[in-house]
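Report on the structure given below.
Residue numbers (this note's numbering), protein chains in the order written: chain H, 1 to 491; chain Z, 492 to 982.
In structure tokens, the structure reads:
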């Protein structure tokens, strides 16, 4: 088989790369660090987008679009933001090419130099808060609940398809509120929304929590994140929601008259998920045969493959398949019928396994006679012969079962790979031999966190929101701690 | 009223700008030539996107995503493309900022200069055909039918919201075919799809045709366009579909083995529509009171405004409105209920007129008693009192009627403003006194076309596809001509 993947046990990174490329999800482009998202990969991303967009709209958010370019000077306005962030950026300095006067091709026209350089947005807080200044005068103009779907650029040195690329696609929400309480509520509403999306649609269990100061978004007062565990025992930060306080309002002078007529600075949040979610989806579920997609995000949930020797057989099978397709569609199930004649059934089976199609139905001449089909589910690779009669109900239930099974499998894996430790030796031993999430006490200082990172590469993924509080002593310093925090080596 | 628009008769351009800004569609940003698309404008664009995307998918196209950046050298590969196109572009030369060593803010790090400059895509033929080279080996890999939704940048000197901006949003289709015939079929299929979208959804009648050589896309063998007529008598090119021949395949060396095993260059098309369509939509229908939106693209088709003095009246009206909303929604009609208490009904009426909501329903205490509502349609401004009973059927039919009426009005305007002329004097007289579309004979030479443009500012918008052929003599040179072509002054 041409499309064999490197086994996970042999080389997990290579397995991931093989899978992304061979399943037709994405590939590297001619531009360093930028990827091409191929149709099958983009179709999954579109499903994610549609679902998230619906959830944003249901919670009162509207979409808008702000410029790709940000004047350089905007970055210096919020001090923490520029310190923590805006250095590795694509910088536009000129606005014209001209024919090379000395020969071939085109050169940059030195006459066409911008007065002020423009930065390709790495995130849009600055340009958006500069705009909000003109939109907000009174408390009646608040809240503003806006999201944008956009491309952003961060000049990453070490890139990996979907997980870390120079250009990536994302959504960024930017909201403005009259009170601190309301802004914090919004920040929390969104981290809950992200968690719901990850768990119900991606079938990826996540831990919600607060970031430590070190890992906080540049310019944020608090950063909330959802953290997922990959099959290699590493963590993947899958979404963040930031309470920005009044930092950007102060930097861009955005004030409003409150209902007593007094001027105040506006309270802000921002939040985003990106094509990085594709990486989480792939790495959380897939196996050495290829992708395993949750039915709710699969571009097509069922593929039907005919098995035949003669043209008449194909015609008869296709006739019956039409009926099955109609039945499945009546239940809202998306189906693809692959009757292409240049590939053998065995090749097709492997291909759709690679592509993670949740359910495969095969139908041959004997099935036709018996009124049956052969059905295979991707998650367990189990096969069954079933009557065509009632197939739509069977598949509908099966898709729900697969969605649940994938989630449960990932949750079980996470449980098995989450370890409570009470000493630094134990911490290092677990990290080296088992990996995964580690719950341990921490004294709350950046100093300790950085030391642990330096010595073990593990970072504090978050301070979990939903865990019970429990007193203890920091595994590193022995100082008192009020709650275990979540450590892991992260992507 | 604060939001009054400059009347069209006084200053059409100012009316347009007033309308775009005051209806909350878009505004200029802090970045020269770039706009902010505001939520209401973006909601209309989303409706357009969704419909077009459905139409692309129904015709077998898939979405994908290619990089924002294009290496400078790619532009020189297709000679006509670089000649006709790629000069006014945003050029990325550096990839890092650093803290200003001499004081405040950030500066571009001179150490972080790119070896080869990157151009922000003004269109993506080059990067896409460079990618297709690796995707295509055999005729079995064809056709490739891909579309992408993306932002592009062309450094325009004179910009106007939606109509011409440095950054704009669009879709660009890029297809690859084994034969010339198939590629031409695709090009024509898409121009027909665009025309259908413009007429059925935007309610804007368009003329389909071929561009003259002068107006052809740089690198195309033939460019098809749809041309719409605005209320000021100017034409607006609203979509283009290009048959690219083998030009890009040759430039990027994209070959395939045909079914006899012989190598051939691949045939190409590309096609696009952009946020410019928003300009067409606005200018084709709207009046001095504001937008007039076709129901099929209105973010909400019906707005309901309560009229009351006392809180108890509002409560009773709201109760009844809930029922009406449910009835309307059951027919697939989108409704907004504006019960905000900080604006008077008169203000709301004007606001929703400005925003072009197709149907407004008002309900006061007397209506409540009588079981009636007052209904106003935006296109004609007619008002009627109607029973609540059966309102959903009435509104459903009315929305269809409005959609049709808007189209018919625009079509009537176009008919009245399309003139056949047979002499150059007549041509100039019509241009000066009436404007609009002019059908005239042309000798087919670029020389004549450019002379006419120089002397009158009118250009050949297209050589219509659907007009009857008719022999005649060129209005400028007197040479023989086989068909009238469409002239106009264009946006």
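Heads up, the beta-carbon is just placed ideally off N, CA and C, and yes, glycines get one too.
Any C-beta of chain Z under 8 Å from that of residue i
i, result
"residue 62(H)", "yes"
"residue 155(H)", "yes"
"residue 474(H)", "no"
"residue 30(H)", "yes"
"residue 93(H)", "yes"
"residue 42(H)", "yes"
"residue 260(H)", "no"
"residue 342(H)", "yes"
"residue 59(H)", "no"
"residue 493(H)", "Nothing can be reported for residue 493(H), as the shown portion of chain H is limited to 1 through 491."
"residue 123(H)", "no"
Residue range of the unbroken alpha helix (DSSP H) whose run includes residue i
i, result
"residue 251(H)", "247–251"
"residue 13(H)", "12–22"
"residue 564(Z)", "563–566"
"residue 811(Z)", "802–821"
"residue 427(H)", "424–433"
"residue 82(H)", "79–84"
"residue 946(Z)", "937–947"
Short CB-CB distance (under 8 Å) between residue i and chain H
i, result
"residue 530(Z)", "yes"
"residue 537(Z)", "yes"
"residue 556(Z)", "yes"
"residue 581(Z)", "yes"
"residue 677(Z)", "no"
"residue 952(Z)", "no"
"residue 821(Z)", "no"
"residue 844(Z)", "no"
"residue 559(Z)", "yes"
"residue 1064(Z)", "No answer is possible for residue 1064(Z): the residues shown for chain Z start at 492 and end at 982."
Length of the line joining the Cα atoms of residue i and residue j
i, j, result
"residue 756(Z)", "residue 746(Z)", "4 Å"
"residue 708(Z)", "residue 575(Z)", "8 Å"
"residue 164(H)", "residue 244(H)", "24 Å"
"residue 125(H)", "residue 158(H)", "25 Å"
"residue 107(H)", "residue 889(Z)", "58 Å"
"residue 282(H)", "residue 387(H)", "33 Å"
"residue 90(H)", "residue 153(H)", "7 Å"
"residue 249(H)", "residue 268(H)", "7 Å"
"residue 226(H)", "residue 26(H)", "24 Å"
"residue 1(H)", "residue 348(H)", "In this prediction, residue 1(H) scores a pLDDT of 46, lower than 50, which makes its location untrustworthy; the coordinate-derived value is nonetheless stated afterwards. Taking the straight line from one Cα to the other gives about 11 Å."
"residue 496(Z)", "residue 779(Z)", "6 Å"
"residue 804(Z)", "residue 151(H)", "49 Å"
"residue 973(Z)", "residue 320(H)", "54 Å"
"residue 309(H)", "residue 40(H)", "30 Å"
"residue 306(H)", "residue 491(H)", "42 Å"
Cβ neighbour criterion (16 or more within 10 Å) applied to residue i
i, result
"residue 7(H)", "exposed"
"residue 140(H)", "exposed"
"residue 881(Z)", "exposed"
"residue 330(H)", "exposed"
"residue 601(Z)", "exposed"
"residue 273(H)", "buried"
"residue 50(H)", "exposed"
"residue 593(Z)", "exposed"
"residue 284(H)", "buried"
"residue 509(Z)", "buried"
"residue 570(Z)", "exposed"
Boundaries (first-last residue) of the beta strand (DSSP E) holding residue i
i, result
"residue 464(H)", "459–464"
"residue 45(H)", "Here residue 45(H) belongs to no beta strand (DSSP E); instead the alpha helix (DSSP H) covers 39–58."
"residue 932(Z)", "928–932"
"residue 977(Z)", "975–979"
Completely contained beta strand (DSSP E) runs for the stretch 584–666 of chain Z, where each covers 3 or more residues: 588–590, 597–599, 604–611 and 635–644
What beta strand (DSSP E) runs, 3 residues minimum, are completely inside the stretch 172–243 of chain H? Qualifying beta strand (DSSP E) stretches, in chain order: 207–210 and 222–229.
Ranges of the beta strand (DSSP E) found wholly within the stretch 830–903 of chain Z, counting only runs of at least 3: 850–854, 863–868 and 874–878
Runs of 3 residues minimum, wholly inside the stretch 750–798 of chain Z: which ones carry the beta strand (DSSP E) assignment? 754–756, 758–765 and 793–797
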